Every structure is written in structure tokens, then in C-alpha cells.
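Participant:
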Amino acid sequence: MEKLQPNLFFPFAGVAAVASFASCSNKQKPVEQKPLNIVYIMTDDHTAQMMSCYDTRYMETPNLDRIAADGVRFTQSFVANSLSGPSRACMITGKHSCANKFYDNTTCVFDSSQQTFPKLLQKIGYQTALVGKWHLESLPSGFNYWEIVPGQGDYYNPEFKSKESNGKYVKEEGYATTLTTDHAIEFLEERDKDKPFCLLVHHKAPHRNWMPDTKYMDLYEDVEFPYPDTFNDNYATRCDAARTQEMSIDKNMTLVYDLKVDELKDKEAYKKEWNIDGWQASLDRMTPEQREAWIASYKPRNEKFINENLKGEDLVKWKYQRYIKDYVRCIKSIDDEVGRLIAYLEKEGLMDNTVIVYTSDQGFYMGEHGWFDKRFMYEESFRTPLIIRYPAKIKAGSECTALVQNIDYAPTYLDIAGIEKPDYMVGTSLVPLFGGETPKDWREYLYYHYYDYPAIHMVRRHDGVRDSRYKLIHFYGEKNEHNDAISCNELYDLQSDPNELNNLYDNPEYADIQTRLQARLDKFRVDQKVDEY
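Quick note: the sequence shown uses the working numbering, first residue 729, plus one each step.
(1) Are there three or more Cβ pairs, one per stretch, closer than 8 Å when the segment 1059–1072 is compared with the segment 895–913?
(2) Are the beta-carbon atoms belonging to residue 827 and residue 1256 less than 8 Å from one another?
(3) By the three-class DSSP mapping on this structure, what secondary structure does residue 857 have?
(4) Would you kindly work out how many angstroms separate the C-alpha atoms of residue 1116 and residue 1161, rounded to a whole number?
(5) Measuring only the C-alpha atoms, how far is residue 802 from residue 920?
(6) Out of curiosity, what's the CA-to-CA distance linking residue 1241 and residue 961?
(7) Within this structure, are the beta carbons of residue 1163 and residue 1176 separated by less than 8 Å?
(8) So, is residue 758 buried or exposed, given that buried needs 16 or more other C-beta atoms within 10 angstroms?
(9) Along the chain, which unbroken stretches of the beta strand (DSSP E) at least 3 residues long are found entirely within the segment 1164–1215?
(10) Can you tell me whether residue 887 is helix, strand or coil according to DSSP?
(11) Since residue 1183 and residue 968 are thought to touch, with beta carbons under 8 Å apart, how far apart are those beta carbons, to the nearest angstrom?
(12) Under the three-state reduction of DSSP, which class applies to residue 1134: helix, strand or coil?
(13) Measuring alpha carbon to alpha carbon, tell me which of 1151, 1145, 1137 and 1130 ends up nearest residue 1169.
(14) Which same chain residues, not among the five before or five after residue 1048, have their C-beta less than 6 Å away from its C-beta?
(15) Would you decide whether residue 1218 is buried or exposed? Buried here means 16 or more other CB atoms lie within 10 Å of its CB.
(16) Please return the same chain residues whose Cβ sits closer than 6 Å to the Cβ of residue 756, not counting the five positions on each side in sequence.
(17) At the level of alpha carbons, what is the spacing between residue 989 and residue 1076?
(18) Pull the bridge partners of residue 767 from the DSSP assignment, please.
(19) From residue 1199 to residue 1111, what distance separates their C-alpha atoms?
(20) What is the DSSP secondary structure of residue 1030, reduced to helix, strand or coil?
(21) Excluding sequence positions up to five away, which residues of its chain have a Cβ less than 6 Å from the Cβ of residue 1166?
(22) Measuring only the C-alpha atoms, how far is residue 940 from residue 993?
(23) Would you call the segment 864–880 and the segment 840–856 touching, i.e. three or more CB-CB distances under 8 Å?
(24) I think residue 1173 touches residue 1189, with their Cβ atoms under 8 Å apart; what is that distance to the nearest whole Å?
(25) Considering just the uninterrupted stretch of the beta strand (DSSP E) at residue 802, what are its terminal residues?
(26) According to the neighbour-count rule (16 or more other Cβ atoms, all chains shown, within 10 Å of its Cβ), is residue 1223 buried or exposed?
(27) Going by the CB atoms, is the gap between residue 780 and residue 789 shorter than 8 Å?
(28) Taking only three categories from DSSP, how would you classify residue 1099?
(29) Using three-state DSSP, classify residue 936 as helix, strand or coil.
(30) Are the segment 995–1002 and the segment 1014–1024 in contact at 8 Å, needing three or more beta carbon pairs?
(31) Taking C-alpha atoms, which residue in 1196, 1040, 1001 and 930 lies nearest to residue 1128?
(32) From the DSSP secondary-structure annotation, give me the bridge partner or partners of residue 1127.
(33) Can you list, in chain order, the residues of its chain whose CB lies under 7 Å from that of residue 966, leaving out five sequence neighbours each side?
(34) Tell me which same chain residues have a C-beta within less than 6 Å of the C-beta of residue 876, skipping the five on either side of it?
(35) Would you give the residue range spanned by the beta strand (DSSP E) that residue 837 belongs to?
(36) What whole-angstrom Cβ distance do residue 817 and residue 859 have, given they're in contact under 8 Å?
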């Protein structure tokens, strides 16, 4: 059962008691301790490789880097299910997909009657708000204020539905990343300033199909980005799942919808390309000014590409460069808007009393293994960035190597507010890590489970465990029309093989490790009442 603090304005009982005792002993009037505000910023598919506080190869993200420089950067941060809706359900409930019952983006509607951390914060007086992408199908509950986009939302002139709009979406002119921040600041302006707040800012970007703001359409155009070491991976030791996926830059990234070669959309060879209607809908959303800017930037490049008639490896490399440039252009806007939100908090004198968190709903493939998208338990999509600024508790410039997961976020926010987490939340508060030391009883293993098959990108169902060095993955499911293997396992030594190229499953030298990880996987399945594997 959750235990709610009776006095909101002393959320840390231990700290408050010490402060009161010290004040009495010095015959001074006790100082009222203000409750902490929480700003949680989450993007969609923003991988750690594309934040310069994690990786300097690609781009600079000065505003995100500032959060890390003022706080802590987690280097072993992961998700429980690398997919948009399920990841959000795990985050808000503190439970794995098998417990919150939001397994995939295809069949599920979030049961909004279940307990979530915003509801518990509301009970003790917090004002709670959600802006941007929700993607859990049911309407948000536990929020005093919300402005959400339908499904994935749109980059240009998106619709937003508010708590007060009587169920209607209202189209707004502008760029989604900017408008989402506008609504976040709108909430901050209109809130009751005598109460603490918890604000969830959920950006659509940089989700597929990576459409940048008009002011950044030419950014990085003269740059040739590096190709990952595994760009031409042949999956030689892997299970069939790595070979039968449909997230290959070469085979599955579309020239029209993904890469914006508009000139091809009416050509007979491309009329059946995936989501050609989605591309036309994106164009139709643009204002004349936006469309003019788009044509000025992309048309000359597209015509050059068509005239070159690239084939084979040259074509794949062109696709990669177009993809990654549009992606980082979207991130540039994210970084700008995070900076704008921070500037507002500074102007209002809220920085010292507000915990700022930045993360993504999962990682993403930026050409590693020749892929885009996420879903697999391999590191690039399993891992997610996580940076937290909390000056009262976190030393600036800290780094944390403990294994953490997005099911930990809900217990963390409850802990910050002085609420004991409910027993059914399996995540663990990150607050004990804020002091710079990892408690001796901190978790040694993480559990992962992906369910969305058959579905777009055709990544087979799998679950698995990871410790600080090794990873065991189990692929499963019914035999399909391609006669793919029903069950297959992979084992990796991440110290000697960080790119996960050498499957060690059934290697005699790793027998003890395999047995240990399998036992832990079996235990997770029992403890979490996993219903399929």
C-alpha cells in the first residue's frame, strides 16, 4: 500500500526533522521547506548516440548537456519494452508490460483505472500536467491539465486535444516541438503558484519520419556523418530474428515517406511504397510558407539524387546520410526547446526547487547493424539516455553506472515527494543513487520483454536478462509463413563484444554464465507472472 505524507510542505521527513531540531537548538524560527517540483521531459526515439554529453561524433546538444553538467548522467539506463506505448505505460505505472497490460502499439488500450504516479502526487496536492504525445489510446487520467496529440501526432500544424476541449482536437499552426513547449509554459503560467507541480513534457520528435523545422532544413547538409562499425553487419551468428526483421535502411527505408523524395511519389514504381498516403498527408498539412521552404531546401537535392541514379552500396549510403541529417535536425529543435523551458524556469526562480529529468521512451538504431527503428533487446534500442538535475541532492557533473530502468521513474518521483511506493510497483527509486554511491543491495539484473509481432518491422517476440556484463535473449513465437525458428537464444559478453556480433549461446566456455542467466530469467518470469515466453 502507498503511504501518503500528511504534510506536503515537509516532503522529506528526515530533512525536516533535522532542520527543525537545529532551529530550536539555536532558538531560531523554523524555515519552511518548499516541496519539490518535477519537470520530466521525454522524447520519442532519441538515442544516446545523438546527445553530445554521451557521444561527440554526431552533433552538439548544449542545452541537454547543461542538464548533465549540472546533474547526473546515467550510463547504464534501459527500458523494459522498447516501443512507444508500452514504454510510456511502464514509466507511468512502475510496472512491466505483463503487469500494466499494455503490451504493444497494435492491440492495447491503457487501463486508466490503474494506479499511476501522477494520481498519487495529486493526492498530496501536486498539480500534474501532461503535454505532447500520450499514445496510450485511453484519455489521460491523474492530470489537472493536459494537451495531447492524436497517436503519433504530426510535425507540422498538429492537432491537440485538451482536458477542456470536449473531446475535440484543435489544429494549431506551427512546429510540433515548439508548440509542445508552448503548452508546457502555458501550464506553468496558469498554475496555482502556491502548490508544487509535476509537468510531463512528451515530445513527438524525433519519431519517424524525421521532419525538421523549416529553419533547420539545411542544417548539417555539408556534413558526411560517420558510418557505424556494424553498418554492414551480416548477422552470421544470430537467430533468424536478426535476418527476418523489416527495419533495414537498405531494404525497408522508403524513398518517399522516410527520405522525402517527393518527386517520386507519382511514379508507378513507388506508388505501392509503404505509407505513400502518409507522405501526402504530411505535405497537405503544410502552410504555403512551410511548403515553399520545403521545396527550396529539398527539391534541388532530390533532383540531384534522381539524376545520379545511385545503386547498391552508394544508394544505401545516400539513404543513411539523408536519414541521419533529418534526424539530427529534429534533435536540434528539441535541444532548443529544452533550453527555452529551462530559461522560463530560471526567469521564474524555479531552478533550485525543481528536479529536471530528460530521457527518451527508448533508444534507436542510427545505422548500427544496418538498421533504423528500435524493438530489439540489443544495446542501441534497449539503452536510453537519462540525465537528472537536482542540485540539493546531486553533485554537478556526476556519472552513475548502476543498472536502472524506466520502471524506476514512478518510484523515484514518489520518493522525491515523500510518498512510499506501492508494493505492486516493481521499479526502484533512483534517489539512493543521487549521492554518488551505488547501494550494496542495488539490482544486479534487468528484465526485458517485447511483444509486438506480427507488426510493422516484424521483430520477433523475445524476452531476456542483462547484468552489468552479459546478456541472454530468448526469441519465441509461432512458426510463420517463412518457417522461421520458433525458439532461439543468444548470449553476449558485452565487455569483449560490445557490438553484440558473436552469439555465445551453448559455447562450453560460457556454460556457467548461461546457466546463471537462464535461472535469473526463469525467476523473473515467475516473479512477474509473465504470461508468454
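Even glycine gets a Cβ: it sits at the ideal position worked out from N, Cα and C. From a predicted model like this one, the values you see are computed outputs, not experimental measurements.
Facilitator: Per the coordinate set shown:
(1) yes
(2) yes
(3) strand
(4) 11 Å
(5) 33 Å
(6) 26 Å
(7) no
(8) Low local confidence applies: a pLDDT of 37 at residue 758 is under 50, so the model's placement there is unreliable, with the coordinate-based value given in what follows. It counts as exposed.
(9) 1174–1178, 1190–1194 and 1198–1203
(10) strand
(11) Not a contact, Cβ separation roughly 17 Å.
(12) helix
(13) 1130
(14) 977 and 1095
(15) buried
(16) Note that residue 756 scores a pLDDT of 39, beneath 50, so its modelled location is shaky; the value from the coordinates is reported in the next line. There are no such residues.
(17) 45 Å
(18) 927 and 1084
(19) 13 Å
(20) helix
(21) 1130
(22) 20 Å
(23) yes
(24) Not confirmed; about 20 Å, so no contact.
(25) 800–802
(26) exposed
(27) yes
(28) strand
(29) coil
(30) no
(31) 1196
(32) 801
(33) 1218 and 1231
(34) 862 and 889
(35) Run containing residue 837: none; DSSP gives neither H nor E here.
(36) With 8 Å as the limit, residue 817 and residue 859 do not qualify as a contact, their Cβ atoms being about 18 Å apart.
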